[in-house]
Structures are given as structure tokens and as C-alpha cells.
Amino acid sequence: MAVILPASVLTAHLESCAAELASSMPPDDLERVVAQLVSGQRHIAATLERLAGFQTGPLAEVLSAAARAAGHAAAALAEGEHLFE
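Note that the working numbering gives residue 68 to position 68 of the sequence shown, counting from 1, and the numbers run on in steps of one.
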């Protein structure tokens, strides 16, 4: 997969989208939104773990811990996905 935009542009877009979701009314298509959040959390977990692989020491540990936390968030949401149907 070719990278078209710098990572900082992509993460700024992700942050602004998350801020919009956090401040807006609940969406009508909550089931679909939650499914996409699960997928997004899994991608964030994978990204953080990948970044940890490029680091050493405490920074690698922090990134790995954040990756695990994001993975746990994805798992918790996925476990309750049927409740949004």
C-alpha cells in the first residue's frame, strides 16, 4: 500500500473526526458506527505496536501498553456489538 499523505496529516484527520464524533449527537446508524470504531481501534492498536517496534526502552514500553489498551477497547466494543442491533 502506497503512502499518499504524511502520517501527521492522517493522524490530524483522525483526531478531528474523533473530536466531531465525541461532541455530536448519537448517530442514527449506531450499529455501523460501533463496528467502524471496533475496526479503527484495532488499526490503532496495530499502529502503536508497530511504532513500538521502532523504539527501545521506556518509549517502546509506553507504546506497547497503549497498543494493548487500544486492543482491549476494541475487544470490549466488539463483545457488545450485538447490543447495538
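Where is the CB? At the ideal position from N, CA and C, for every residue including glycine.
How would you label residue i, buried or exposed, when you count the other beta carbons within 10 angstroms and need 16 or more for buried?
i: Ala-89; result: One cannot answer for residue 89 here, as it falls past the ends of the chain, which runs 1 to 85.
i: Ala-2; result: exposed
i: Ala-86; result: Look at the range of the chain in this structure, 1 to 85, and you will see that residue 86 is not part of it.
i: Val-9; result: exposed
Are the CB atoms of residue i and residue j nearer to each other than 8 Å?
i: Gln-41; j: Ala-70; result: yes
i: Leu-63; j: Leu-51; result: yes
i: Glu-49; j: Phe-84; result: no
i: Glu-81; j: Val-34; result: yes
Below 7 Å, is the gap between the Cβ of residue i and the nearest heavy atom of the ligand COA?
i: Leu-51; result: Among the components of this structure there are no ligands whatsoever, and the ligand COA is therefore not found.
Between the segment 68-85 and the segment 41-51, do three or more beta carbon pairs fall short of 8 Å?
yes
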